[in-house]
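So the structure is just underneath, and the comments pick up after that.
There are 2 protein chains.
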Amino acid sequence: MKRLRWQVAAAAAVGLALALEVLPWVLRWLRSGRRRLRREVLFFPSQVTCTEALLRARGEAPAGEQAALPDCCLCGLPHGESSLSRLMRALLAARVSLELCLFAFSSPQLGRAVRLLHQRGVRVRVVTDCDYMALNGSQIGLLRKAGIQVRHDQDLGYMHHKFAVVDRRVLITGSLNWTTQAIQNNRENVLIMEDDEYVRLFLEEFERIWEEFDPTKYTFFPQKKKSHSCAPLVSRAGGGSLSWYRTLGTSSRNQT
Amino acid sequence: MKRLRWQVAAAAAVGLALALEVLPWVLRWLRSGRRRLRREVLFFPSQVTCTEALLRARGEAPAGEQAALPDCCLCGLPHGESSLSRLMRALLAARVSLELCLFAFSSPQLGRAVRLLHQRGVRVRVVTDCDYMALNGSQIGLLRKAGIQVRHDQDLGYMHHKFAVVDRRVLITGSLNWTTQAIQNNRENVLIMEDDEYVRLFLEEFERIWEEFDPTKYTFFPQKKKSHSCAPLVSRAGGGSLSWYRTLGTSSRNQT
Chain S
1 MKRLRWQVAA
11 AAAVGLALAL
21 EVLPWVLRWL
31 RSGRRRLRRE
41 VLFFPSQVTC
51 TEALLRARGE
61 APAGEQAALP
71 DCCLCGLPHG
81 ESSLSRLMRA
91 LLAARVSLEL
101 CLFAFSSPQL
111 GRAVRLLHQR
121 GVRVRVVTDC
131 DYMALNGSQI
141 GLLRKAGIQV
151 RHDQDLGYMH
161 HKFAVVDRRV
171 LITGSLNWTT
181 QAIQNNRENV
191 LIMEDDEYVR
201 LFLEEFERIW
211 EEFDPTKYTF
221 FPQKKKSHSC
231 APLVSRAGGG
241 SLSWYRTLGT
251 SSRNQT
Chain L
1 MKRLRWQVAA
11 AAAVGLALAL
21 EVLPWVLRWL
31 RSGRRRLRRE
41 VLFFPSQVTC
51 TEALLRARGE
61 APAGEQAALP
71 DCCLCGLPHG
81 ESSLSRLMRA
91 LLAARVSLEL
101 CLFAFSSPQL
111 GRAVRLLHQR
121 GVRVRVVTDC
131 DYMALNGSQI
141 GLLRKAGIQV
151 RHDQDLGYMH
161 HKFAVVDRRV
171 LITGSLNWTT
181 QAIQNNRENV
191 LIMEDDEYVR
201 LFLEEFERIW
211 EEFDPTKYTF
221 FPQKKKSHSC
231 APLVSRAGGG
241 SLSWYRTLGT
251 SSRNQT
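Going down the list, the sequences are from chains S and L. Just so we're aligned: the first sequence equals residues 1 to 256 in full-length UniProt numbering. Just so we're aligned: the second sequence equals residues 1 to 256 in full-length UniProt numbering.
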């Protein structure tokens, strides 16, 4: 009897050990539908490619899948992927909301993509710089005409951000102004990240600016601005500007 | 005898099970010195604060620790943290190398920080835009004078990046041009990330540009450039520009 008990105990112990080791694998197998978070960097200048297929009506390519770029289009441009097409795909993945915080916006392809999202019922909000929204070729007027909400600054400084947030889930940010000149000629970078913490912080920044640029506070003549970029070497004390910086919760690794 | 064998087997199985479960905890305990990866976003405009203490000689604040900003300084400026001071700290943490890829660089504080790193023996390399490096107030001349290697483009497009890589480990990138005007007046963002994959890709971009801007290929008169930012609505086919985009290996989470 005692021998039987020990046999049972031994078998149970072995079974327990195996179960404890196998359990994580089982859980991982059950969670095998998990999706990888998107992390990507796009470098420019971008090859000039045909992006017409990306601007077709929704339904031809399910969300998250790449629409085939046909060779039957006779435009004469290459039909492969490019940094511009990947940026457009990231935008056109929007299904619920799109926040744009852009210093300058004159790219017709990106403008069409944003208007298409608005037509599809995506809530689009745009913040831009008041000087650059008025330049020849700006897409801002077309966005307003389509009924998209656009707000702008009236500050001395520039609204120099170049970011977008898609569905409150994907952050698109970098050095790129959304202009054809920049896309096709400049050395630029654009990060595309599914990152809850960065998205949250950039959305907070967007909402701060959105509220501050309340149209009920607009005056007719914006204040004259300093020249862009390389200003004379003058340090100005005070100025009452707030600084905003956030340290995110971080992941860990072995110390090397 | 058989009973004893079963007793031993059972004990061994239990011990094995416990050991397998305890082992990961033991390893984690041994690795308890691991450091959290840095992830931060800085928003501008930055409050104007005194940054003199950050520019003292090395030794007063060990690497990774924050040097105290004294109130005994009589400059009249606030001595707290600001987005600029945090950016300077990220730079001044460099101990081995610093790659700068900057469209415009005129901030005297950031210029002093970079020259200080060079004096400390950090290998500093700078890539910049040929038009903006020549503007009044640019720090590029002071960097060259100090013996720092600086290369520039001669392209039609702008070298519009605004990134830095510290010790081949920390990426600093965003919308911010390193000018006093931008730091103190513009709405800008700067990401600071310890991220092996992003660092690797940005370093590859830097090395591509560094090699391409080989000084032995300089001509005396750079080609005239298009105006910055909002260009007329002209799409140019061809151009022979390469597109560079990279999708990073990603982390996982449960699908929601």
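Glycine included, C-beta positions come from ideal geometry on N, C-alpha and C. Remember, it's a predicted structure, so these values are computed and weren't measured experimentally.
Mind checking residue i: buried by the 16 CB within 10 Å criterion, or exposed?
{"i": "methionine 88 of chain S", "result": "buried"}
{"i": "leucine 4 of chain S", "result": "exposed"}
{"i": "threonine 219 of chain S", "result": "exposed"}
{"i": "leucine 176 of chain L", "result": "buried"}
{"i": "leucine 23 of chain S", "result": "exposed"}
{"i": "cysteine 75 of chain S", "result": "exposed"}
{"i": "alanine 17 of chain L", "result": "buried"}
{"i": "leucine 116 of chain S", "result": "buried"}
{"i": "lysine 162 of chain S", "result": "buried"}
{"i": "threonine 180 of chain S", "result": "buried"}
{"i": "valine 166 of chain S", "result": "buried"}
{"i": "glutamate 207 of chain L", "result": "exposed"}
{"i": "alanine 10 of chain L", "result": "buried"}
{"i": "aspartate 155 of chain L", "result": "buried"}
{"i": "glycine 240 of chain S", "result": "Below a pLDDT of 50, predicted positions are generally treated as unreliable, and glycine 240 of chain S, at 35, falls in that range; the measurement from the model is reported next regardless. Label assigned to glycine 240 of chain S: exposed."}
{"i": "serine 235 of chain L", "result": "Caution is warranted here: a pLDDT of 29 is assigned to serine 235 of chain L, below 50, making its placement in the model unreliable, and no coordinate value can be reported."}
{"i": "glycine 80 of chain S", "result": "exposed"}
{"i": "cysteine 130 of chain S", "result": "buried"}
{"i": "arginine 86 of chain L", "result": "buried"}
{"i": "methionine 1 of chain S", "result": "exposed"}
{"i": "valine 8 of chain S", "result": "exposed"}
{"i": "alanine 12 of chain S", "result": "exposed"}
{"i": "valine 41 of chain L", "result": "buried"}
{"i": "alanine 195 of chain L", "result": "Sequence inspection shows aspartate at residue 195 of chain L; the alanine mentioned does not correspond to that position. Classification of aspartate 195 of chain L: buried, given that the 10 Å Cβ count is 16 or more."}
Within the continuous alpha helix (DSSP H) that includes residue i, where are the two ends?
{"i": "glycine 80 of chain L", "result": "Per DSSP, glycine 80 of chain L belongs to no alpha helix (DSSP H) and is neither H nor E."}
Which two residues bound the contiguous beta strand (DSSP E) that contains residue i?
{"i": "residue 257 of chain L", "result": "Since the first and last residues shown for chain L are 1 and 256, residue 257 of chain L lies out of range."}
{"i": "alanine 164 of chain L", "result": "162 to 166"}
{"i": "valine 170 of chain L", "result": "170 to 174"}
State the beta-bridge partners of residue i as determined by DSSP.
{"i": "arginine 39 of chain L", "result": "L:Met193"}
{"i": "glutamine 149 of chain L", "result": "L:Arg125"}
{"i": "glutamate 207 of chain L", "result": "None; glutamate 207 of chain L has no bridge partner."}
{"i": "glutamate 188 of chain L", "result": "L:Phe44"}
{"i": "methionine 159 of chain S", "result": "L:Arg187"}
Starting from the Cα of residue i, find the closest Cα among the options and give me that residue.
{"i": "proline 108 of chain L", "options": "L:Ile148, L:Arg39, L:Ser82 and L:Leu55", "result": "L:Leu55"}
{"i": "phenylalanine 43 of chain S", "options": "S:Ser97, S:Cys75 and S:Thr173", "result": "S:Thr173"}
{"i": "tryptophan 178 of chain S", "options": "S:Met1, S:Pro45, S:Leu116 and S:Leu27", "result": "S:Pro45"}
{"i": "arginine 144 of chain L", "options": "L:Tyr198, L:Glu21 and L:Val127", "result": "L:Val127"}
{"i": "valine 150 of chain L", "options": "L:Phe105, L:Cys73, L:Ile183 and L:Val166", "result": "L:Phe105"}
{"i": "leucine 52 of chain S", "options": "S:Arg169, S:Arg187, S:Leu203 and S:Arg112", "result": "The sequence shown places glutamate at residue 52 of chain S, rather than the leucine named in the question. Nearest C-alpha to glutamate 52 of chain S: S:Arg112."}
{"i": "alanine 146 of chain S", "options": "S:Leu37, S:Val114 and S:Lys2", "result": "S:Val114"}
{"i": "valine 170 of chain L", "options": "L:His118, L:Leu203 and L:Leu156", "result": "L:Leu203"}
{"i": "glycine 121 of chain L", "options": "L:Val26, L:Glu99 and L:Arg95", "result": "L:Arg95"}
{"i": "leucine 142 of chain S", "options": "S:Ala164, S:His160 and S:Leu110", "result": "S:Leu110"}
{"i": "asparagine 189 of chain L", "options": "L:Leu92, L:Val26 and L:Leu84", "result": "L:Leu84"}
{"i": "threonine 49 of chain L", "options": "L:Ser138, L:Glu21, L:Gln139 and L:Ile183", "result": "L:Ile183"}
{"i": "leucine 100 of chain L", "options": "L:Glu21, L:Val199 and L:Ala12", "result": "L:Val199"}
{"i": "methionine 159 of chain S", "options": "S:Ile209, S:Glu197 and S:Ala13", "result": "S:Ile209"}
{"i": "glutamine 119 of chain S", "options": "S:Ser138, S:Leu98 and S:Asn136", "result": "S:Leu98"}
{"i": "histidine 152 of chain S", "options": "S:Arg38, S:Thr216, S:Leu201 and S:Leu77", "result": "S:Thr216"}
{"i": "glutamate 212 of chain S", "options": "L:Glu205, L:Leu201, L:Met193 and L:Arg187", "result": "L:Arg187"}
{"i": "glycine 157 of chain L", "options": "L:Phe103, L:Arg38 and L:Ala90", "result": "L:Phe103"}
{"i": "arginine 125 of chain L", "options": "L:Ile148, L:Tyr132, L:Gly137 and L:Val41", "result": "L:Ile148"}
{"i": "glycine 38 of chain S", "options": "S:Asp214, S:Ala164 and S:Ala90", "result": "A quick correction: the sequence has arginine, not glycine, at residue 38 of chain S. Residue S:Ala90 is the option with its Cα nearest to arginine 38 of chain S."}
Taking 8 Å as the threshold (beta carbon to beta carbon), is residue i in contact with chain B?
{"i": "glycine 157 of chain L", "result": "Any reference to chain B falls outside this structure, whose protein chains are S and L."}
Minimum length 4: unbroken alpha helix (DSSP H) runs contained in the region 94 to 142 of chain S: Whole alpha helix (DSSP H) segments, 4+ residues: 108 to 119.
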